[in-house]
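Residue numbers (UniProt numbering): 1 to 360. Step one of this worksheet: look at the structure below.
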């Protein structure tokens, strides 16, 4: 399979991976043949990339860092928890989730179990959801990234658990933000921004009253918008005044937000998001944490369609953990646009004349 922008999808091509609805059910399943109506519908739902079947890439299967079943269970748990807390007609009157800490410790335990099965952890996201599912998908992605960072830092089991629960619930205060502000596509007014920024203290207050959630996990909700140079909120903390858990979650939060499609801007590619993070080193974020984070992120995830500096079109087949910007690629089209008679692979780690210039 190969991952391509929605603008490159042609009628007759088949989806290689399902696309999920806001509630986690399947919108379009793997194997569905695309037509103009489906393509336009996906555009309208904020889907900007899809996986399609291809005879020359049928053996390329992107492997997510956690199993699809684990990811879907985490998504479903967050969806139900957040839904039960949202002040909307669809959820008003339901009881909040009891034993919040126990539920999310068990959930994060499954995520860590999956991560421990991998020899070289290179994060990439294979699941695709509609844009309205962002809040739920985002929490899962941030938790996975935080778990990877906790393992890389050498945290013990209790520390990883505190970090993971904090990462799964760090944005729970957003349930108190009016829905019209969550989906607003124009700049927020100062008054609206003040309302949104209260989600950090709202989340902290919600979590610190839970008997089975660590106070350090609750501080992840309070501090994830603090910044290394003191420019963040709600307290303007600097450097090591910000707990390391919250610093890790802040980096994961920004990375996943940048690489996700939003109604008011195009998504960043993983390589563009990493460049942003490095540029923010020791200003918005601790540079050493950024370096550690970026060693475990796939700059060009497997199955990504790319263009080389020669004009050749290729698909990423494998990542090089020690050279994340230089993966192995399979050439599908030559520089003149001519399809190759037989695809062939190049390891960019060894061919320094070639480089990726654009994702397609």
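We treat Cβ as the ideally placed atom computed from N, Cα and C, and that holds for glycine.
Notebook entry, point to check: Just the Cα atoms here: how many angstroms apart are residue 83 and residue 190?
Noted result: In the chain shown, residue 83 corresponds to position 83, counting from 1. In the chain shown, residue 190 corresponds to position 190, counting from 1. Going from the Cα of residue 83 to the Cα of residue 190 covers about 27 Å.
Margin query: If contact is defined by three or more beta carbon pairs under 8 Å, each pair taking one atom from either stretch, is the stretch 317-324 in contact with the stretch 283-292?
Written below: no
Notebook entry, point to check: Just curious, the beta strand (DSSP E) that residue 310 is in, first and last residue?
Noted result: The sequence position of residue 310 within the chain shown is 310, counting from 1. Premise fails: residue 310 is in no beta strand (DSSP E) and is neither H nor E.
Checklist line | Terminal residues of the alpha helix (DSSP H) in which residue 114 lies | finding: The residue given as residue 114 occupies position 114 in the chain shown. Where residue 114 is concerned, the enclosing alpha helix (DSSP H) stretches over 100-116.
Next item on the list: Can you grab the Cα-Cα spacing for the pair residue 168 / residue 234, in whole Å?
Entry: Numbered from 1 along the chain shown, position 168 holds the residue referred to as residue 168. Numbered from 1 along the chain shown, position 234 holds the residue referred to as residue 234. For residue 168 and residue 234, the distance between alpha carbons rounds to 20 Å.
Notebook entry, point to check: Do you know whose CA, among 58, 128, 307, 175, lies nearest residue 335's CA?
Noted result: Residue numbering aside, residue 335 sits at position 335 when the chain shown is read from its first letter. Closest option to residue 335, Cα to Cα, is 307.
Next item on the list: Please name the residue in 53, 20, 49, 143 whose C-alpha comes closest to that of residue 33.
Entry: The residue you call residue 33 lines up with position 33 of the chain shown. Comparing Cα-Cα distances from residue 33 to each of 53, 20, 49, 143, the minimum goes to 53.
Item checked: residue 116 burial status per 10 Å Cβ neighbour count (16 or more: buried) -> Position 116 of the chain shown, counted from the first residue, corresponds to residue 116. That one is exposed.
Notebook entry, point to check: In terms of residues, what are the limits of the beta strand (DSSP E) holding residue 347?
Noted result: Sequence index remark: in the chain shown, residue 347 carries index 347 (1-based). 339-347 is the extent of the beta strand (DSSP E) around residue 347.
Note to self: Starting from residue 5, trace the beta strand (DSSP E) in both directions and tell me its first and last residue.
What the structure shows: The residue labelled residue 5 in the question sits at position 5 within the chain shown. Run containing residue 5: 2-5, per the beta strand (DSSP E) assignment.
Notebook entry, point to check: Contact check, residue 268 vs residue 277 under 8 Å by CB: the rounded distance?
Noted result: Residue mapping note: residue 268 aligns to position 268 of the chain shown, counting from 1. Residue mapping note: residue 277 aligns to position 277 of the chain shown, counting from 1. So it is not a contact: roughly 10 Å between Cβ atoms.
Notebook entry, point to check: Within this structure, are the beta carbons of residue 245 and residue 163 separated by less than 7 Å?
Noted result: Numbered from 1 along the chain shown, position 245 holds the residue referred to as residue 245. Numbered from 1 along the chain shown, position 163 holds the residue referred to as residue 163. Against a cut-off of 7 Å, the Cβ pair of residue 163 and residue 245 comes out as a contact.
Notebook entry, point to check: Any idea which residues DSSP pairs residue 28 with across the strands?
Noted result: In the chain shown, counting from the first residue as 1, residue 28 sits at position 28. Note: residue 28 sits in a beta bridge opposite 19.
Notebook entry, point to check: Nearest to residue 354 by CA position, among 81, 129, 111, 325, is which residue?
Noted result: Numbered from its first residue, the chain shown carries residue 354 at position 354. For residue 354, the nearest C-alpha among the options comes from 325.
Item checked: Identity of the residue in 24, 128, 297 nearest residue 78 by Cα -> What you label residue 78 is simply residue 78 of the chain shown in a count that begins at 1. It is 24.
Checklist line | beta strand (DSSP E) runs contained entirely in the stretch 25-86, provided each spans 3 or more residues | finding: 26-28, 49-52
Check: For residue 361, does the three-state DSSP call read helix, strand or coil?
Finding: Here the chain covers residues 1 to 360 and nothing more, so residue 361 does not appear.
Note to self: Which residues does DSSP list as the beta-bridge partners of residue 356?
What the structure shows: The residue you call residue 356 lines up with position 356 of the chain shown. According to DSSP, residue 356 bridges with 308.
Check: Does DSSP classify residue 259 as helix, strand or coil?
Finding: Counting from 1 along the chain shown, the entry for residue 259 is found at position 259. Residue 259 falls in the coil class under three-state DSSP.
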